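Visitor:
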Amino acid sequence: MRIATYNINGIKARLPRLIEWLSETQPDVACLQEIKTSDETFPVKDIEDAGYGVIWHGQKGFNGVAILARGETPVEVRRGLDGEPEDEHSRYIEADVKGVRVASIYLPNGNPQPGPKFDYKLRWMKRLRDRAQQIWAEEVPAILAGDYNVIPRDKDVYSVKAMADDALMQPESRAAYRRILGDGWTDAILSKHPAGGVWTFWDYQMNAWPRDAGFRIDHLLLSPAAADRLIDAQVDKDFRGREKASDHAPTWVELAG
DNA sequence: ATGCCATATCACATATGA
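At position 209 of the first sequence the residue is numbered 459 (the working numbering), and the sequence of numbers has no breaks.
1. Please work out which residues of its chain come closer than 6 Å, Cβ to Cβ, to residue 269, disregarding the five sequence neighbours upstream and downstream, and give them in chain order.
2. Indicate whether the contact test is met: 3 or more Cβ pairs, each with one atom in the region 398-406 and one in the region 463-483, closer than 8 Å.
3. Could I get the ranges of all uninterrupted beta strand (DSSP E) runs contained in the region 259-295, with 3 residues as the minimum, in chain order?
4. What is the C-beta distance between residue 303 and residue 324, in whole angstroms, given that I count them as a contact (C-beta under 8 Å)?
5. Looking only at C-alpha atoms, which of 370, 391 and 265 sits nearest to residue 417?
6. Ordered along the chain, which non-local residues of its own chain (more than five positions away) have a Cβ less than 7 Å from that of residue 476?
7. Of all the options 341, 397, 328 and 320, which has the alpha carbon lying nearest to the alpha carbon of residue 384?
8. How about residue 253 and residue 395: are their beta carbons less than 9 Å apart?
9. So, for residue 297: in the same chain, excluding its five sequence neighbours on each side, which residues have a beta-carbon less than 7 Å away from its beta-carbon?
10. Measure the C-alpha to C-alpha separation of residue 397 and residue 472 and round it to an integer number of angstroms.
11. Return the chain-ordered ranges of every alpha helix (DSSP H) run that is complete within the region 457-487 and spans a minimum of 4 residues.
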């Protein structure tokens, strides 16, 4: 069973690419981020016509997450995180699908730092960890997948110097990510590619894609019951090079069974 | 400090992104 995460940077602009990716790679479950559309305007019919059931948590103009499942509709468990009722960003949706608990996560970018956006990022990461601990206590196979906007290690970025002041690799961002891993979650790409040099994002600017100047910010975190079934973890890098591509590439895990 | 590119919206200018 393959479970993927894909920040598509606008589902309307990316719809042909999304349908093509679903058709070519046939993921069993796909977590999307940055759908950038309201609940009312989500292209549910196009996705159903491609053979997928879907739940989504939209927002006009930016943010927005969804979970797709081949041949069935995910059973929603919750949308949004506790701890900050005034937070109206659509960044989290969670469902039970094909025997696995799956979350689609769009973690705040946090730039510029320092500042209120960075503070929001760190608060959001604490709220995510709180939810992850609740899921952990349920002892279900679980995958927390999405755009974490965190470069975990220096080996996960093309240039430490170029990104040194970016919110994505500040010590506080890394520490918050490490605390979640410290609770026992397995970073699937890290576990299969410990040497690093695996990118999931390439900026549209500064010729980043042709230079292969990327970094790793899209992550799949596995609970022990899911990690026990981990066969492979990869990036569909090819899709970053196509016409009208997202700046992220699809990233996925293959689980036994 | 800003633009570089891209997507979006009360669209020909501005917010957001990473």
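The C-beta atom is built at its ideal place from N, Cα and C for all residues, glycine as well. Being a predicted model, the structure only gives us computed values, none of them experimental.
Guide: Answer, in terms of the structure:
1. So the qualifying residues of the chain are 300.
2. yes
3. Runs of the beta strand (DSSP E) inside the region 259-295: 279-283.
4. 7 Å
5. 370
6. 350, 391, 392, 393 and 505
7. 328
8. In this structure, residue 253 places its C-beta atom within 9 Å of the C-beta atom of residue 395.
9. The answer, listed in chain order, is 304 and 318.
10. The straight-line gap from Cα to Cα measures roughly 15 Å.
11. 458-461 and 474-477
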